[in-house]
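Structure first, then comments.
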Amino acid sequence: MKVQVVSIPVLDQEKALQFYTEKLGFLKKVDVPLSEHSRWLTVVSKEDQDGTEILLEPAPNHFEPAKVYQKALFDAGIPYTQFNAADVEQEYERLSGLGVEFSVKPTAMGTVKIAVFNDTCGNNIQIVEML
0 MKVQVVSIPV
10 LDQEKALQFY
20 TEKLGFLKKV
30 DVPLSEHSRW
40 LTVVSKEDQD
50 GTEILLEPAP
60 NHFEPAKVYQ
70 KALFDAGIPY
80 TQFNAADVEQ
90 EYERLSGLGV
100 EFSVKPTAMG
110 TVKIAVFNDT
120 CGNNIQIVEM
130 L
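Here the sequence shown is numbered in numbering that gives the first Met the number 0, starting from 0 and rising by one per residue.
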């Protein structure tokens, strides 16, 4: 088995696409209309364009339990997912310079360094550097 696609719930797919491509630097991989208000929209890492795709999933807009779960995680400050980074400090500086808001600044925790940012789409995302 291989993980090919993972989903992140987003409140606005277009806003999410802009954030994940323009701020985080991901590339749009697939964009297929599914309905008037929804599309199969994935992004991938520039460094691994054939790797795992992130589905920018509009579930919170049409499935109430997804909306409740996403909001509960966000309000508690819990990251929805995490991305690896070669240098968390460098990513923190780069993203902060682009206006990305961090709830947790770079912090060493045992064998990792982490930081947590708001993806503007209803999620806290953690970036992790192995030390």
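For glycine and all other residues, C-beta sits at the position ideal for the given N, C-alpha and C.
By alpha-carbon positions, which one of Glu128, Glu100, Cys120 and Ile124 ends up nearest to Asp11?
Among Glu128, Glu100, Cys120 and Ile124, the Cα nearest to that of Asp11 belongs to Cys120.
By Cβ distance below 7 Å, which residues in the same chain neighbour Phe73 in space, the five residues on each side in sequence not counted?
Gly121, Asn122 and Asn123, listed in sequence order.
Could you tell me which residues DSSP puts in a beta bridge with Arg93?
Per DSSP, none; premise fails for Arg93.
Grab the span of the beta strand (DSSP E) containing Ala114 for me, first residue to last.
Here the beta strand (DSSP E) through Ala114 covers Val111 to Asn117.
Going straight from the alpha carbon of Val115 to that of Lys66, what length do you get?
Cα to Cα, Val115 sits roughly 20 Å from Lys66.
Given a threshold of 16 other Cβ atoms within 10 Å of its Cβ, counted over all protein chains shown, does Leu33 qualify as buried or as exposed?
Leu33 comes out exposed.
Would you list the residues sitting across from Pro32 in a DSSP beta bridge?
The partner list for Pro32 (beta bridge, DSSP) reads Arg38.
Roughly how many angstroms lie between the CA atoms of Met108 and Glu35, to the nearest whole one?
Met108 and Glu35: Cα-Cα distance of roughly 45 Å.
Ser146: which of Glu128, Gly76 and Phe25 sits nearest, CA to CA?
Residue 146 lies beyond the stretch modelled for the chain, which goes from 0 to 130, so this question has no answer here.
State yes or no: is the C-beta of Val99 within less than 8 Å of the C-beta of Lys22?
Yes, the Cβ-Cβ distance between Val99 and Lys22 is below 8 Å.
Could you name the residues of the same chain whose beta carbon sits closer than 7 Å to that of Val61, not counting the 5 residues immediately before and after it, in chain order?
A small fix is needed here, since residue 61 is His in this sequence, not Val. So no residue of the chain qualifies.
Under three-state DSSP, which class holds Thr51?
Coil, per DSSP.
Can you give me the C-alpha to C-alpha distance between Tyr68 and Ala58, rounded to a whole angstrom?
Each residue's alpha carbon lies about 11 Å from the other.
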